[in-house]
Amino acid sequence: MPDFKNLLYEKQRNGVLITLNRPEALNSISREMEDEMHSALDEAEADPEIRAIVLTGAGRAFSAGYDMGGGRGPMQWPYGLSEGMSIAEAIDNQRKRPSRNRFFHMWELSKPIIAAVNGWCMGGGSWYAIWSHMTYAAENAVFAQPEIRGSSNTNYIWIQNAGYKNGLRYALTGDHIDAQEALRIGIVNQVVPADELLDHCFSIVERIALVSPETVKINLAVATMGLEMMGLRNAAVLNDELSVSAQLSKREELQRPLDEARNEKGLRGFLQARDGPFQPEPFGPRSKPPSE
Numbered sequence: 613m614p615d616f617k618n619l620l621y622e623k624q625r626n627g628v629l630i631t632l633n634r635p636e637a638l639n640s641i642s643r644e645m646e647d648e649m650h651s652a653l654d655e656a657e658a659d660p661e662i663r664a665i666v667l668t669g670a671g672r673a674f675s676a677g678y679d680m681g682g683g684r685g686p687m688q689w690p691y692g693l694s695e696g697m698s699i700a701e702a703i704d705n706q707r708k709r710p711s712r713n714r715f716f717h718m719w720e721l722s723k724p725i726i727a728a729v730n731g732w733c734m735g736g737g738s739w740y741a742i743w744s745h746m747t748y749a750a751e752n753a754v755f756a757q758p759e760i761r762g763s764s765n766t767n768y769i770w771i772q773n774a775g776y777k778n779g780l781r782y783a784l785t786g787d788h789i790d791a792q793e794a795l796r797i798g799i800v801n802q803v804v805p806a807d808e809l810l811d812h813c814f815s816i817v818e819r820i821a822l823v824s825p826e827t828v829k830i831n832l833a834v835a836t837m838g839l840e841m842m843g844l845r846n847a848a849v850l851n852d853e854l855s856v857s858a859q860l861s862k863r864e865e866l867q868r869p870l871d872e873a874r875n876e877k878g879l880r881g882f883l884q885a886r887d888g889p890f891q892p893e894p895f896g897p898r899s900k901p902p903s904e
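Under our numbering, the residue at position 153 of the sequence shown is numbered 765, and the numbers go up by one with no gaps.
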């Protein structure tokens with residue numbers, strides 16, 4: 613088995629628990645972590661003793677999304693590009709690693725992935741949770757795509773699961789939703805107490821293991837391939853293409869103050885500048901003033 617640095621891989625109860633393990637960074641997804649995650653999925657796929665996969669996060673979060681902690685050079689305006697970069701280069705950089713390749717890798721496994729969502733589940737972390745075949749949330753789970761507020765893209769999987777109107781409500785604002793709202797709109801299967809989350813997910817793994825693995829594989833394909841035949845892959849391709857435009861849709865009067873906040877006060881200052889105008893959030897721990 614590979615020696616993972618950013619996640620834990622623990623076989624148990626007819627399945628495997630894959631735990632994103634950067635709790636000090638709220639399990640934000642670095643390129644190295646993402647590569648390891650998909651290696652771990654391949655490891656589980658090849659192991660006949662593993663019948664299903666439970667994906668979770670260590671500490672206070674499932675995942676805070678893609679890692680934003682890396683250094684960024686000065687921006688040039690009015691387009692908000694890195695200094696010395698042309699628009700053509702920016703477009704090319706955005707298109708090098710289409711996200712659909714990652715998500716369809718997990719989507720097309722022959723073994724179901726069950727996301728066990730605890731705490732914060734933001735941005736790209738929410739995409740991994742919702743692209744999983746089943747998603748169970750602890751009572752303290754919070755979902756959102758806050759990067760939208762800084763001129764970034766949503767992911768079509770929110771619309772696929774939540775439906776057009778519910779998905780669009782949150783895809784246009786980046787607003788937080790709590791576990792019960794996530795259940796109402798359909799991006800999770802069930803809400804369970806935090807201390808019962810993993811046990812609940814593995815109880816489902818054990819029930820899956822009572823069915824022939826070939827039957828599970830075929831019936832999983834009925835669902836996943838059916839959605840692909842209906843156009844899910846085409847939607848994901850378009851999602852990637854339009855995400856390039858979203859990443860480059862910055863308005864100087866909106867984005868420049870965010871970058872100045874990052875340069876002066878770091879990531880915390882950037883997040884406060886980006887999310888402050890949206891608070892209080894409609895759901896979750898930031899739906900009330902800090903004093904309450």
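For each residue, glycine too, the CB sits at the ideal point set by N, CA and C.
Alpha-carbon spacing of Y575 relative to D852, whole angstroms: Residue 575 falls outside the range modelled here, since the chain spans only 613 to 904, and no answer is possible.
Helix, strand or coil at Y748 according to DSSP, with G and I counted as helix: Strand, per DSSP.
Give me, in chain order, the residues of the same chain whose beta-carbon lies closer than 8 angstroms to that of E695; leave out the 5 immediate sequence neighbours on both sides. G685, P686, M687, Q688
Flag this pair as yes or no: are the beta carbons of A833 and F715 separated by less than 8 angstroms? Against a cut-off of 8 angstroms, the Cβ pair of F715 and A833 comes out as no contact.
Please report the Cβ distance between K723 and R672, rounded to the nearest whole angstrom; I am assuming they are in contact, meaning their Cβ atoms lie under 8 angstroms. Taking a contact as a CB-CB distance under 8 angstroms, the pair K723 and R672 does not count as one, their CB atoms being some 28 angstroms apart.
Taking 8 angstroms as the CB-CB cut-off, is P892 touching chain D? Note that chain D does not occur in the displayed structure, where there is just one protein chain.
Rounded separation between Q624 and I665 - CA only: 10 angstroms
Cβ shell of A741 (< 7 angstroms), same chain only, five flanking positions each side left out: Counting only Cβ-Cβ distances below 7 angstroms, and skipping sequence neighbours, we find F674, A727, V729, C733, T747.
Looking only at C-alpha atoms, which of Q792, G627, N618, E622 sits nearest to P635? Closest by alpha carbon: N618.
Residue of I630, F890, G627, T631 minimising C-alpha distance to R761: F890
Select from Y678, E622, D647 the residue whose C-alpha is nearest the C-alpha of A656. Closest by alpha carbon: E622.
Measuring straight from C-alpha to C-alpha, what distance separates T912 and C813? The question about residue 912 has no answer, for the chain in this structure spans 613 to 904.
Is the separation between the beta-carbon of L795 and that of V804 shorter than 8 angstroms? no
I'd like the ranges of any beta strand (DSSP E) spanning at least 3 consecutive residues and lying wholly in the stretch 694-737. 725-729, 732-734
Does the distance from the C-beta atom of F895 to that of I830 stay below 8 angstroms? no
CB contact flag (L632, N639, <8 angstroms): yes
Coarse secondary structure for I630, derived from DSSP in three states: strand
Determine whether the beta carbon atoms of G731 and N752 lie at a separation below 8 angstroms. yes
Sorted by chain position, which residues of the same chain lie with C-beta nearer than 6 angstroms to L693's C-beta, five sequence neighbours on each side aside? A702
Is it the case that the Cβ atoms of W770 and I799 are separated by a distance below 8 angstroms? yes
What does a CB cutoff of less than 6 angstroms around A750 pick up in its chain, not counting 5 residues either side in sequence? N730, A806, L809
Have a look at H745, K708, S738 and flag the residue whose alpha-carbon is nearest the alpha-carbon of V828. When H745, K708, S738 are compared, the shortest CA-CA separation from V828 is found for H745.
Helix, strand or coil, according to DSSP, for D787 in the structure here? Coil, per DSSP.
Quick test of your reading: S711 and D679, contact by CB under 8 angstroms. State the CB separation rounded to the nearest angstrom. About 14 angstroms; that fails the 8 angstroms criterion.
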